[in-house]
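Colleague: What follows is a single structure, and I will ask about it in a moment.
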Amino acid sequence: MKKIPILIMIMILTGCKQSAIKQSFSSADSLVIHFKNEQAGIITKTVQTAESKAINRMIEFIDAKETEQFKCGYDGKMFFYDKGQKIQEVDFKMKNDSCNHFSFLLNGKMISTKMNNEAVDFLDALEKGLPTYY
(Lines of atoms letter the chains of each structure in order from A and count residues from 1; the text may use other names and numbers.)
(Lines give C-alpha, C1' and ligand atoms only; values in the text may rest on other atoms or scores of the structure.)
Protein backbone atom coordinates (compact mmCIF):
# COMPACT_ATOMS: atom_id res chain seq x y z
CA MET A 1 0.00 0.00 0.00
CA LYS A 2 2.82 2.43 0.82
CA LYS A 3 4.35 1.86 -2.60
CA ILE A 4 1.35 3.26 -4.47
CA PRO A 5 1.86 6.92 -3.40
CA ILE A 6 5.56 6.66 -4.25
CA LEU A 7 4.72 5.21 -7.67
CA ILE A 8 2.20 7.99 -8.32
CA MET A 9 4.76 10.63 -7.30
CA ILE A 10 7.37 9.17 -9.67
CA MET A 11 4.85 9.20 -12.53
CA ILE A 12 3.96 12.84 -11.84
CA LEU A 13 7.59 13.95 -11.70
CA THR A 14 8.62 12.14 -14.86
CA GLY A 15 5.49 13.33 -16.69
CA CYS A 16 6.36 16.99 -16.05
CA LYS A 17 9.78 16.85 -17.69
CA GLN A 18 10.14 19.13 -20.71
CA SER A 19 11.36 17.74 -24.00
CA ALA A 20 14.86 18.68 -25.14
CA ILE A 21 13.33 20.86 -27.84
CA LYS A 22 11.15 22.81 -25.40
CA GLN A 23 14.12 23.21 -23.04
CA SER A 24 16.22 24.64 -25.87
CA PHE A 25 13.53 27.20 -26.80
CA SER A 26 11.98 27.87 -23.37
CA SER A 27 13.81 31.10 -22.54
CA ALA A 28 12.71 32.80 -25.79
CA ASP A 29 11.11 36.19 -25.22
CA SER A 30 10.84 37.23 -28.87
CA LEU A 31 10.53 35.64 -32.28
CA VAL A 32 11.32 36.91 -35.79
CA ILE A 33 10.05 35.01 -38.83
CA HIS A 34 11.36 35.69 -42.34
CA PHE A 35 9.26 34.32 -45.20
CA LYS A 36 11.13 34.01 -48.45
CA ASN A 37 10.73 33.37 -52.13
CA GLU A 38 13.24 30.58 -52.52
CA GLN A 39 13.55 30.84 -56.30
CA ALA A 40 14.17 34.60 -56.22
CA GLY A 41 16.32 34.28 -53.10
CA ILE A 42 14.62 37.21 -51.37
CA ILE A 43 12.79 37.76 -48.11
CA THR A 44 9.18 38.62 -48.95
CA LYS A 45 7.86 39.34 -45.46
CA THR A 46 9.14 39.62 -41.89
CA VAL A 47 6.95 39.13 -38.83
CA GLN A 48 8.11 39.65 -35.26
CA THR A 49 6.49 39.23 -31.88
CA ALA A 50 7.26 39.32 -28.19
CA GLU A 51 3.87 37.83 -27.33
CA SER A 52 4.55 34.77 -25.18
CA LYS A 53 1.36 33.03 -26.30
CA ALA A 54 2.43 33.16 -29.96
CA ILE A 55 6.02 32.13 -29.16
CA ASN A 56 4.86 29.16 -27.07
CA ARG A 57 2.43 28.10 -29.79
CA MET A 58 5.25 28.06 -32.34
CA ILE A 59 7.44 26.04 -29.97
CA GLU A 60 4.60 23.52 -29.61
CA PHE A 61 4.45 23.19 -33.41
CA ILE A 62 8.22 22.66 -33.64
CA ASP A 63 8.23 20.11 -30.80
CA ALA A 64 6.74 17.41 -33.02
CA LYS A 65 7.62 13.94 -34.27
CA GLU A 66 11.07 13.73 -35.83
CA THR A 67 11.11 13.13 -39.55
CA GLU A 68 13.67 12.48 -42.26
CA GLN A 69 16.15 15.16 -43.32
CA PHE A 70 14.34 16.56 -46.35
CA LYS A 71 16.18 18.15 -49.25
CA CYS A 72 13.36 20.23 -50.69
CA GLY A 73 14.40 23.76 -49.78
CA TYR A 74 12.90 26.20 -47.31
CA ASP A 75 10.15 28.81 -47.32
CA GLY A 76 11.52 30.74 -44.39
CA LYS A 77 13.58 31.03 -41.26
CA MET A 78 12.74 31.76 -37.62
CA PHE A 79 14.96 33.32 -35.01
CA PHE A 80 14.18 32.91 -31.32
CA TYR A 81 15.74 35.47 -28.96
CA ASP A 82 16.24 35.83 -25.22
CA LYS A 83 16.99 39.41 -24.13
CA GLY A 84 18.27 40.27 -27.61
CA GLN A 85 20.56 37.23 -27.90
CA LYS A 86 19.73 34.65 -30.57
CA ILE A 87 19.14 31.31 -28.85
CA GLN A 88 17.75 29.21 -31.70
CA GLU A 89 17.38 29.33 -35.48
CA VAL A 90 14.82 27.24 -37.38
CA ASP A 91 14.41 26.74 -41.13
CA PHE A 92 10.98 25.68 -42.32
CA LYS A 93 9.15 24.37 -45.38
CA MET A 94 5.40 25.02 -45.47
CA LYS A 95 4.32 24.98 -49.14
CA ASN A 96 4.80 21.33 -50.08
CA ASP A 97 2.48 18.85 -48.35
CA SER A 98 4.90 15.95 -48.73
CA CYS A 99 7.84 17.96 -47.38
CA ASN A 100 6.53 20.39 -44.74
CA HIS A 101 8.89 20.42 -41.77
CA PHE A 102 11.04 22.39 -39.34
CA SER A 103 14.83 21.96 -39.31
CA PHE A 104 17.24 23.16 -36.60
CA LEU A 105 20.35 22.31 -34.59
CA LEU A 106 19.82 20.80 -31.16
CA ASN A 107 22.87 20.01 -29.07
CA GLY A 108 25.02 19.99 -32.21
CA LYS A 109 22.73 17.61 -34.12
CA MET A 110 20.53 18.56 -37.09
CA ILE A 111 16.90 17.76 -36.25
CA SER A 112 13.87 17.81 -38.54
CA THR A 113 10.34 17.63 -37.18
CA LYS A 114 7.05 17.23 -39.02
CA MET A 115 5.01 20.38 -39.58
CA ASN A 116 1.32 19.65 -39.10
CA ASN A 117 -1.52 21.33 -41.01
CA GLU A 118 -2.34 23.65 -38.12
CA ALA A 119 1.23 24.97 -38.16
CA VAL A 120 1.00 25.48 -41.94
CA ASP A 121 -2.26 27.44 -41.49
CA PHE A 122 -0.74 29.50 -38.66
CA LEU A 123 2.34 30.43 -40.70
CA ASP A 124 0.26 31.04 -43.83
CA ALA A 125 -1.95 33.49 -41.89
CA LEU A 126 1.14 35.30 -40.60
CA GLU A 127 2.63 35.51 -44.08
CA LYS A 128 -0.61 36.94 -45.49
CA GLY A 129 -0.96 39.42 -42.61
CA LEU A 130 -4.24 37.88 -41.46
CA PRO A 131 -5.39 37.91 -37.85
CA THR A 132 -3.89 34.86 -36.20
CA TYR A 133 -5.13 32.45 -33.60
CA TYR A 134 -3.27 30.66 -30.85
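Throughout the sequence shown, residue numbering follows my numbering, covering 1 to 134 in sequence.
Here a beta-carbon is modelled for each residue, glycine too, at the ideal position from N, C-alpha and C.
Please read all numbers here as calculations on a predicted model, not as lab measurements.
1. What residue does the beta strand (DSSP E) around residue 127 start on, and which one ends it?
2. Buried or exposed for residue 42, going by 16 or more other Cβ atoms inside 10 Å?
3. Is residue 20 near residue 106, with beta carbons less than 8 Å apart?
4. When you compare each of 90, 35, 49, 45 to residue 109 by their alpha carbons, which one comes out closest?
5. Report back the beta-carbon spacing between residue 84 and residue 34 to the nearest angstrom; my notes put them in contact at under 8 Å.
6. Can you tell me the Cβ-Cβ gap for residue 66 and residue 113, rounded? I've got them flagged as a contact below 8 Å.
7. Mind reading off the beta-carbon distance from residue 79 to residue 86? Whole number of angstroms is fine, and I expect it under 8 Å.
8. Quick check on the DSSP output: the beta strand (DSSP E) that includes residue 61 runs from which residue to which?
9. CB-CB under 8 Å to residue 94, same chain, minus the five flanking residues each way: which ones, in chain order?
Modeller: Quick look at the numbers:
1. Counting along the chain, residue 127 falls outside any beta strand (DSSP E), though it belongs to the alpha helix (DSSP H) covering 117-128.
2. exposed
3. yes
4. 90
5. That pair is no contact at about 17 Å.
6. 6 Å
7. 6 Å
8. Run containing residue 61: none in the beta strand (DSSP E); it sits in the alpha helix (DSSP H), 52-62.
9. 75, 76, 100, 115, 119, 120, 123, 124
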